[in-house]
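Below: the structure, in structure tokens.
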């Protein structure tokens, strides 16, 4: 039997005052998570209404660790839905390429290229999973 998984990340507040806070991202993922749970999804939600030390607070390490954990758990017939509600931006890499990144709660504005989560990294985890069906928003 297949399982439908949802990995949801919502960030309203950023540690760096140079990154503007958002208003509705956490609410969006919480409501989406409730809806998906009612439809039978296994939901893992990271958001910044959690305490800073909580394993589901959306700092870079927690986001990447929980995403990898889910990607390692999914099976071939499962559906994997990954959804981020946060800031994103395109940065220049050291090789002077442009790369889209997701800004986690602990990202520092002057270190975006080094600290933000590359979209390609999220895709790498998802494509490296056994899931044949996935959705990334």
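Residue numbers (this note's numbering): 17 to 153. Beta carbons are placed, not taken as given, at the ideal position from N, Cα and C, and that holds for glycine.
*Looking at the structure shown, is residue 105 part of a helix, part of a strand, or coil, going by DSSP?*
strand
*What residues in its chain sit with their C-beta under 6 angstroms from that of residue 52, if we drop five residues either side in the sequence?*
22, 59
_Going by beta-carbon coordinates alone, are residue 83 and residue 98 separated by less than 9 angstroms?_
yes
*How about residue 42 and residue 101: do their beta carbons lie closer than 9 angstroms?*
yes
*What does a CB cutoff of less than 7 angstroms around residue 48 pick up in its chain, not counting 5 residues either side in sequence?*
24, 99
_Rounding to the nearest angstrom, what Cα-Cα distance links residue 117 and residue 46 in this structure?_
22 angstroms
*Shortest alpha-carbon distance to residue 115 belongs to which of 132, 81, 126, 91?*
132
*Following the continuous beta strand (DSSP E) through residue 118, name the residue where it begins and the one where it ends.*
114 to 118
*By the 10 Å Cβ neighbour count, where 16 or more other Cβ atoms means buried, how is residue 94 classified, buried or exposed?*
buried
*asked:* What does the alpha-carbon distance come out to for the pair residue 33 and residue 74?
replied: 17 angstroms
*Whose C-beta lies closer than 6 angstroms to the C-beta of residue 27 among residues of the same chain, with five residues either side of it excluded?*
41, 64, 74, 102, 121
*Are residue 105 and residue 119 close, meaning C-beta to C-beta below 9 angstroms?*
yes
*Tell me the DSSP bridge mates of residue 58?*
21
*For residue 57, which residues from the same chain have a beta carbon less than 6 angstroms from its beta carbon, with the 5 sequence-adjacent residues on both sides left out?*
20, 22
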